[in-house]
Every structure is written in structure tokens, then in C-alpha cells.
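A.B. asks: Provided herewith is a single structure, encoded as C-alpha cells, for subsequent inquiry.
Numbering (the working numbering), first residue to last: -10 to 138.
Here is the structure:
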């Protein structure tokens, strides 16, 4: 028979490694971080610069890539702003094959367990993709947020 302490330890949930989220002050944002903004979009920070004029409050200019579209943009935050920092899961995959016609072309990826994932070719932001190419998928709660070749 298990003691009370042993029974309590046996019922403790097993820690798992999933993507993590953390609220972060805009003053702590740095280059290379992936942020999730209120409207559900994911940004990868390219540049971060404080800006202060006279006696006024500081503001922060963040240059980022929108991960969904691949476009580079700039946003200005106030000094008290908070954002959500994402530490995504990483899946190593390999291109199994390409399918479809010109505009409807998609890429089928296989992970190490041979599970297939189908993505539109537009998610690769113009990178050359062929069979056997190594691809890294970054996921947050099962949603693919970034694809890198």
C-alpha cells in the first residue's frame, strides 16, 4: 500500500514540453523573438529600438516580419505596452512530394514518424522546395506559425 505522500506524487501530472506563452513588457522584447499579437497574428522581431523625445514618455519601434504573409512591417508601442512572447514547438520534416497545378501547388511534408502535413507553396515565401528538402515547422498549440527551409 502506498503512503499518502507517494500516492500524491503518483497523481502529479507528468511535465510535457509544449510551446510556451509569456506576457512580456515591450521593454524586454529583443531581436529574434516570436510574438503573438491580440488579433491572433504572429510576428518575428527583426529590430527593436527605443525612441524618446524630450521629457515625454519613451516609445518603442519594432520592425517585424508577419509570419503568415512574410511581409516586413513596423509598429510603434508605448512604454507600458505588453505583448505575448511565444516559444514554439519545433518539428523537423522532409518534403515528400509536390502536388497540384501552378497557382494551387502544395507541398506534402513527412515528419520523423511519417505523418504527412500538407502546406500551400505560398507558406515557403519564395524558397526553392524540392523532394527531400529539409524543412523546420514551428508550431503553437498545433497551429503552424513559421516554416523555414
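Beta carbons: idealized from backbone N, C-alpha and C, even for Gly.
Could you check if residue 53 is buried or exposed, using at least 16 other CB atoms within 10 Å of its CB as the buried criterion?
C.D. replies: Numbered from 1 along the chain shown, position 64 holds the residue referred to as residue 53. So residue 53 ends up on the buried side.
A.B. asks: Can you give me the C-alpha to C-alpha distance between residue 95 and residue 77, rounded to a whole angstrom?
C.D. replies: As a working note, residue 95 is residue 106 in the chain shown. As a working note, residue 77 is residue 88 in the chain shown. The straight-line gap from Cα to Cα measures roughly 23 Å.
A.B. asks: Exposed or buried, what is residue 71 when buried is set at 16 or more other beta-carbons lying within 10 Å of its beta-carbon?
C.D. replies: Residue 71 sits at position 82 when you count from the first residue of the chain shown. With fewer than 16 Cβ atoms within 10 Å of its Cβ, residue 71 is classed as exposed.
A.B. asks: When burial is assigned at 16 or more other CB atoms within 10 Å of the CB, is residue 126 buried or exposed?
C.D. replies: On the chain shown, position 137 is the one that residue 126 refers to. Under this definition residue 126 is a buried residue.
A.B. asks: Distance, Cα to Cα, residue 81 vs residue 119?
C.D. replies: The residue you call residue 81 lines up with position 92 of the chain shown. The residue you call residue 119 lines up with position 130 of the chain shown. Their Cα atoms are separated by approximately 16 Å.
A.B. asks: Would you identify the three-state DSSP class for residue 137, choosing helix, strand or coil?
C.D. replies: Within the chain shown, numbered from 1, the residue matching residue 137 stands at position 148. Residue state, collapsed to three classes: strand.
A.B. asks: Between the region 25 to 37 and the region 129 to 137, are three or more C-beta pairs nearer than 8 Å?
C.D. replies: Yes: at least three Cβ pairs fall under 8 Å.
A.B. asks: What is the residue span of the beta strand (DSSP E) that residue 123 lies within?
C.D. replies: Start at 1 with the first residue of the chain shown, and residue 123 comes out as number 134. Here the beta strand (DSSP E) through residue 123 covers 123 to 129.
A.B. asks: Smallest Cα separation from residue 90: which of 103, 105, 110?
C.D. replies: For the purposes of this step, residue 90 is taken as residue 101 along the chain shown, with counting starting at 1. Nearest option by C-alpha distance: 110.
A.B. asks: Quick one: is residue 79 buried, meaning 16 or more other Cβ sit within 10 Å of its Cβ, or exposed?
C.D. replies: Position 90 of the chain shown, counted from the start, is the residue given in the question as residue 79. Its Cβ having fewer than 16 others within 10 Å, residue 79 is exposed.
A.B. asks: Whose CA, out of 22, 42, 44, 43, lies closest to the CA of residue 51?
C.D. replies: Residue numbering aside, residue 51 sits at position 62 when the chain shown is read from its first letter. Among 22, 42, 44, 43, the Cα nearest to that of residue 51 belongs to 22.
A.B. asks: Would residue 83 and residue 123 qualify as a contact pair, given that the criterion is a beta-carbon distance under 8 Å?
C.D. replies: Counting from one through the chain shown, the residue named residue 83 turns up at place 94. Counting from one through the chain shown, the residue named residue 123 turns up at place 134. Taking 8 Å as the Cβ cut-off, residue 83 and residue 123 qualify as a contacting pair.
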